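Participant:
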Amino acid sequence: MQATPSAGPTRVTQPSRPAIQRKSGLSLPTSLAREIFRWAWAIGLAFGITLAVLLTILHPSRQDGVRLILSLGLGGLASIGLGIAALWMVDKLSIGGIRLKVAVPPFLTALVIAFNVLLIAQLMFISTEDGQLLLAFLIFGITTAALLSSSIAARMTRSIRSLVAGAMRLAEGDYSFRITEPTISGEDELSQLTHWFNQMANSVQSAFEHQKAAEHERKQVVAAVSHDLRTPLASVRAMIEAIDDGIATDPATLQRYHHAMRTELRHLTALLDDLFELSRIESGALSLERACLSIEDLISDALEGTHEQAEQAQISLIGQVDDTLPPVCIDARQIHRALANLLQNAIRHTPAGGIIFIRAARLRRENTDTRSNLDSSIMIQVIDSGEGIATSDLPHIFDRTYRGEASRHRIYAHSNDTITRGTSAGLGLAITRGIIEAHGGQITAESPLSPATVALVNRVTGMKLSTPGTLLSFTVPIDKK
8 MQATPSAGPT
18 RVTQPSRPAI
28 QRKSGLSLPT
38 SLAREIFRWA
48 WAIGLAFGIT
58 LAVLLTILHP
68 SRQDGVRLIL
78 SLGLGGLASI
88 GLGIAALWMV
98 DKLSIGGIRL
108 KVAVPPFLTA
118 LVIAFNVLLI
128 AQLMFISTED
138 GQLLLAFLIF
148 GITTAALLSS
158 SIAARMTRSI
168 RSLVAGAMRL
178 AEGDYSFRIT
188 EPTISGEDEL
198 SQLTHWFNQM
208 ANSVQSAFEH
218 QKAAEHERKQ
228 VVAAVSHDLR
238 TPLASVRAMI
248 EAIDDGIATD
258 PATLQRYHHA
268 MRTELRHLTA
278 LLDDLFELSR
288 IESGALSLER
298 ACLSIEDLIS
308 DALEGTHEQA
318 EQAQISLIGQ
328 VDDTLPPVCI
338 DARQIHRALA
348 NLLQNAIRHT
358 PAGGIIFIRA
368 ARLRRENTDT
378 RSNLDSSIMI
388 QVIDSGEGIA
398 TSDLPHIFDR
408 TYRGEASRHR
418 IYAHSNDTIT
428 RGTSAGLGLA
438 ITRGIIEAHG
448 GQITAESPLS
458 PATVALVNRV
468 TGMKLSTPGT
478 LLSFTVPIDK
488 K
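The numbering used here numbers the first residue of the sequence shown as 8 and each following residue consecutively.
1. Throw me the rounded Cβ distance for the Leu197 and Met163 pair, which I believe falls under 8 Å.
2. Tell me which residues share the same chain as Ile485 and place their Cβ nearer than 7 Å to its Cβ, disregarding the 5 neighbours each side in the sequence.
3. Within 10 angstroms of the Cβ of Leu349, are there 16 or more other Cβ atoms? Answer buried if so, exposed if not.
4. Taking Asn465 as the reference, give the member of Gly435, Ile325 and Asp252 with the closest Cα.
5. Helix, strand or coil for Gly326 per DSSP?
6. May I have the straight-line CA-CA distance separating Ser86 from Ile50, to the nearest angstrom?
7. Tell me, please, which residues DSSP counts as bridged to Asp391.
8. In angstroms with no decimal places, state the Cα-to-Cα distance between Met293 and Gln262.
9. Count the other CB atoms within 10 Å of the CB of Gln206; is the residue buried (16 or more) or exposed (fewer)?
10. Run through DSSP, which three-state label would Ile385 get?
11. Find out if the Cβ-Cβ distance for the pair Leu62, Leu79 is shorter than 8 Å.
12. Please name the residue in Gly476, Arg440 and Ala339 whose C-alpha comes closest to that of Glu394.
13. Select from Pro455, Ala178, Ile247 and Ile354 the residue whose C-alpha is nearest the C-alpha of Thr398.
14. Do Ile354 and Ile322 come within 8 Å of each other at the CB atom, strictly closer than that value?
15. Can you give, in chain order, each stretch of the alpha helix (DSSP H) that sits fully within the segment 106-191 and has at least 4 residues?
16. Tell me which residue opens and which closes the beta strand (DSSP E) that Ile337 is part of.
17. Along the chain, where does the beta strand (DSSP E) containing Ile450 start, and where does it finish?
18. Starting from Arg369, follow its DSSP beta bridges and name the residues at the other end.
19. Tell me which residues share the same chain as Leu89 and place their Cβ nearer than 7 Å to its Cβ, disregarding the 5 neighbours each side in the sequence.
20. Can you confirm whether the segment 335-344 touches the segment 295-304 when touching is taken to mean that 3 or more C-beta pairs between the two stretches lie within less than 8 Å?
21. Can you check whether the CB of Ile342 is closer than 8 Å to the CB of Leu478?
22. So, are the CB atoms of Ile288 and Gly447 less than 8 Å apart?
23. Give the straight-line distance between the Cα atoms of Leu177 and His314, rounded to the nearest whole angstrom.
24. In angstroms with no decimal places, state the Cα-to-Cα distance between Glu303 and Gln316.
25. Mind checking whether Leu370 and Thr482 have CB atoms under 8 Å apart?
26. Quick test of the definition: if touching needs 3 or more C-beta pairs under 8 Å, does the segment 218-227 touch the segment 244-251?
27. Bridge partners for Val229 per DSSP, in chain order?
28. Could you compute how far the alpha carbon of Thr109 sits from the alpha carbon of Gln70?
29. Terminal residues of the continuous beta strand (DSSP E) containing Ala298?
30. Name the two residues that bound the continuous alpha helix (DSSP H) containing His266.
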C-alpha cells in the first residue's frame with residue numbers, strides 16, 4: 008500500500024552546495040602575520056621620525072631630500088625583508104634548535120645596521136678605497152656579532168638542555184635528580200625556572216616516597232588484618248565442626264563453645280568497625296557532630312565503660328579532673344572512642360596489680376604575658392604502670408599495624424576472653440590519632456615516665472610506681488567550633 012502525499016503546499020529544498028576550498032599559494036600563521044605587521048609599523052614610525060629630524064636639522068635641497076627619502080625607504084624595506092625572513096626561520100625551521108633562534112635576532116640587527124651604513128656611504132659619495140675599507144670593517148663587525156650571538160645563545164641553550172635532561176630523568180622515574188643551580192642566584196627567567204624545577208622535583212619525590220610508604224603500610228594492614236580475621240574464624244569453624252560432628256555434646260561444653268563463638272564474633276565485628284573507621288579518617292570522610300559538654304562527664308563514661316575489663320585484669324582505674332574546666336565543643340562519640348582505645352591499650356599492657364591513671368587539666372604554657380598564661384586547650388593524660396614502650400618503637404606507636412615487641416607477648420596476658428584483648432591489628436592508636444587530629448588536637452607518647460609524672464601519680468593515687476610505665480596524652484581545643 009502506497010502512502011498518499013498531503014495536498015498542502017510543498018517546500019522544495021535546494022541541495023546545499025559543497026564548500027569550495029581555495030588553496031592559496033602562501034599563507035602565514037596569524038601570530039606571524041601580527042608580528043610582521045607590528046615590525047612594519049615600528050619601522051615605518053622610525054622612518055617618519057628619522058626623516059622629520061633630518062629635514063628639520065639639515066634643510067636639504069629638493070634633489071637631496073628625494074635621494075634621502077629613497078635611501079631611507081630602501082633601508083626600511085630591506086629591514087622589513089630581513090625581519091620577515093628571520094621570523095619565518097624562527098617559526099618554521101628546526102635546524103639548530105633554540106640556539107639558532109636565539110642567535111638570529113642579534114645577527115639580524117648587525118645586518119640591518121651594516122646595510123644602512125652602506126646606504127649612507129653611497130650617499131656620502133666616498134671614494135672606492137674608503138668604501139672597501141668600510142665594507143671590510145662591516146664584515147668584521149658582522150662576523151664578530153655572529154660569533155658573540157652564537158656564544159650567548161649557546162650559554163642560554165645549555166641551561167635549557169639541562170632542564171630537558173632533568174625532565175627526561177623525572178619521566179624515567181629518577182626522582183632524586185636535581186639540576187645544579189648557579190652559585191650566584193640570578194633573577195633571570197632561566198635561573199628561576201631551574202629553581203622551581205628543583206622545587207617541583209622535591210615535591211614529586213616527596214609525594215612518591217609518601218605513596219610508596221602508604222602502599223607498604225597498606226600491605227602491612229592487609230597482612231595484619233588477614234591474620235586477625237583468620238584466627239577467630241578458624242576457632243569458630245573448629246567449634247562448629249565439633250558440635251556438628253557430635254564431639255561436643257554435654258551442655259557445659261556447648262555453653263562454653265557458644266560463649267566463645269559470640270566472643271570471637273564480637274572481636275570480628277570490632278575489627279571490621281576499626282577498618283571502616285580508619286578508612287573514613289584517611290579518606291577525609293570523617294564528619295564530626297560537635298556539641299559542648301563537660302569533660303568530667305566524658306571521662307566518667309570512659310572509666311565506667313572499661314571498669315569491668317580492668318577489674319577482671321586486677322588493675323586499678325583512677326581518674327582526676329581539675330576544677331573549673333570549661334565545656335569543650337567536640338564529637339562526644341568520637342572522643343569517647345579515642346579514650347576507650349587508650350584505656351583498653353593501657354589495660355592490655357599493664358600487669359595484674361598495676362594502676363591506670365587518667366587525668367584532665369587545662370594546658371599551661373610558658374608565656375611572658377601573665378594575663379594569658381592559659382592555652383585554649385584541655386590536655387587528657389592516660390598513664391599506666393606497665394613495662395613501657397621500647398625506644399625504637401616509640402615513634403611508630405600511632406602508625407597503622409604497629410606491633411612492638413613488648414605488645415606481642417603481653418596482648419593476651421589477662422584473659423583468654425577475646426573481648427579483653429581488643430583489636431590486635433594495631434589499628435586502635437592510629438584511629439585515636441586520626442580522631443584527635445580531626446578535632447584540631449595533638450597526641451603524644453612518653454616512655455619511660457618522667458620523674459615529674461611519677462611523682463604526680465604517686466601523690467594522687469597513694470601508690471608507688473615501680474615500672475617504667477607509659478604516658479599517652481592528647482589535647483582538645485576549647486574554642487574549636
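We put the beta carbon where it would ideally sit given N, CA and C, even for glycine. Quick caveat, the model's predicted, so the values are computed rather than measured.
Facilitator: In brief:
1. By one-based count along the sequence shown, residue 197 stands at place 190. By one-based count along the sequence shown, residue 163 stands at place 156. Going by Cβ atoms, the distance from Leu197 to Met163 rounds to 7 Å, so yes, they are a contact pair.
2. In the sequence shown, counting from the first residue as 1, residue 485 sits at position 478. Only Pro333, Val335, Ser383, Ser384 and Ile385 meet the Cβ criterion.
3. Counting from 1 along the sequence shown, the entry for residue 349 is found at position 342. Per the 10 Å Cβ criterion, buried.
4. Locating residue 465 in the sequence shown gives position 458, where the first residue counts as 1. Comparing Cα-Cα distances from Asn465 to each of Gly435, Ile325 and Asp252, the minimum goes to Ile325.
5. Locating residue 326 in the sequence shown gives position 319, where the first residue counts as 1. Strand, per DSSP.
6. As a first step, residue 86 must be located in the sequence shown, where it is residue number 79. As a first step, residue 50 must be located in the sequence shown, where it is residue number 43. Answer to the nearest angstrom: the Cα atoms are 8 Å apart.
7. Counting from 1 along the sequence shown, the entry for residue 391 is found at position 384. DSSP lists Ile363 and Thr477 as partners of Asp391.
8. Reading the sequence shown from its first residue, position 286 is the one you call residue 293. Reading the sequence shown from its first residue, position 255 is the one you call residue 262. Note that residue 293 is Leu in the sequence shown here, rather than Met. Straight-line Cα distance between these residues: approximately 40 Å.
9. Counting from one through the sequence shown, the residue named residue 206 turns up at place 199. The residue is exposed, with fewer than 16 neighbouring Cβ atoms inside 10 Å.
10. As a working mapping, residue 385 is identified with position 378 in the sequence shown. Strand at Ile385.
11. As a working note, residue 62 is residue 55 in the sequence shown. As a working note, residue 79 is residue 72 in the sequence shown. For Leu62 and Leu79, no; Cβs fall outside 8 Å.
12. Taking the sequence shown and counting its residues from 1, the one referred to as residue 394 is at position 387. It is Gly476 whose Cα lies nearest to the Cα of Glu394.
13. In the sequence shown, the residue the question calls residue 398 occupies position 391. Between Thr398 and the set Pro455, Ala178, Ile247 and Ile354, the nearest pair of CA atoms involves Pro455.
14. Here residue 322 corresponds to residue number 315 of the sequence shown, with the count starting at 1. Here residue 354 corresponds to residue number 347 of the sequence shown, with the count starting at 1. Yes, Cβ-Cβ distance for Ile322 and Ile354 is below 8 Å.
15. 135-178
16. Indexing the sequence shown from 1 puts residue 337 at position 330. Start and end: Val335 to Ile337.
17. Here the question's residue 450 lines up with position 443 in the sequence shown. Counting along the chain, the beta strand (DSSP E) containing Ile450 begins and ends at Ile450 to Glu453.
18. Position 362 of the sequence shown holds residue 369. BP columns for Arg369 point to Ile385.
19. As a position in the sequence shown, residue 89 is number 82, starting the count at 1. Shown here for Leu89: same chain residues with a beta carbon closer than 7 Å to its own, the five before and five after excluded, namely Leu115, Leu118 and Val119 in chain order.
20. yes
21. For the purposes of this step, residue 478 is identified with residue 471 of the sequence shown, where counting begins at 1. For the purposes of this step, residue 342 is identified with residue 335 of the sequence shown, where counting begins at 1. Going by C-beta atoms, Leu478 is not nearer than 8 Å to Ile342.
22. Within the sequence shown, numbered from 1, the residue matching residue 288 stands at position 281. Within the sequence shown, numbered from 1, the residue matching residue 447 stands at position 440. Gly447 is positioned such that its CB atom lies no closer than 8 Å to that of Ile288.
23. Taking the first residue of the sequence shown as 1, we reach residue 177 at position 170. Taking the first residue of the sequence shown as 1, we reach residue 314 at position 307. Distance between the alpha carbons of Leu177 and His314: 57 Å.
24. Within the sequence shown, residue 303 is the residue found at index 296, counting from 1. Within the sequence shown, residue 316 is the residue found at index 309, counting from 1. If I take the Cα positions, the gap works out to 21 Å.
25. By 1-based counting over the sequence shown, the position of residue 370 is 363. By 1-based counting over the sequence shown, the position of residue 482 is 475. Yes, the Cβ-Cβ distance between Leu370 and Thr482 is below 8 Å.
26. Because the criterion of three Cβ pairs below 8 Å is not met, the segment 218-227 and the segment 244-251 do not touch.
27. For the purposes of this step, residue 229 is taken as residue 222 along the sequence shown, with counting starting at 1. According to DSSP, Val229 bridges with nothing at all.
28. The residue labelled residue 109 in the question sits at position 102 within the sequence shown. The residue labelled residue 70 in the question sits at position 63 within the sequence shown. First, the residue type needs correcting, since residue 109 is Val and not Thr in the sequence shown. Spanning the two alpha carbons is a distance of roughly 42 Å.
29. In the sequence shown, counting from the first residue as 1, residue 298 sits at position 291. Here the beta strand (DSSP E) through Ala298 covers Ala298 to Leu300.
30. Counting from one through the sequence shown, the residue named residue 266 turns up at place 259. Element bounds for His266: Pro258 to Glu289.
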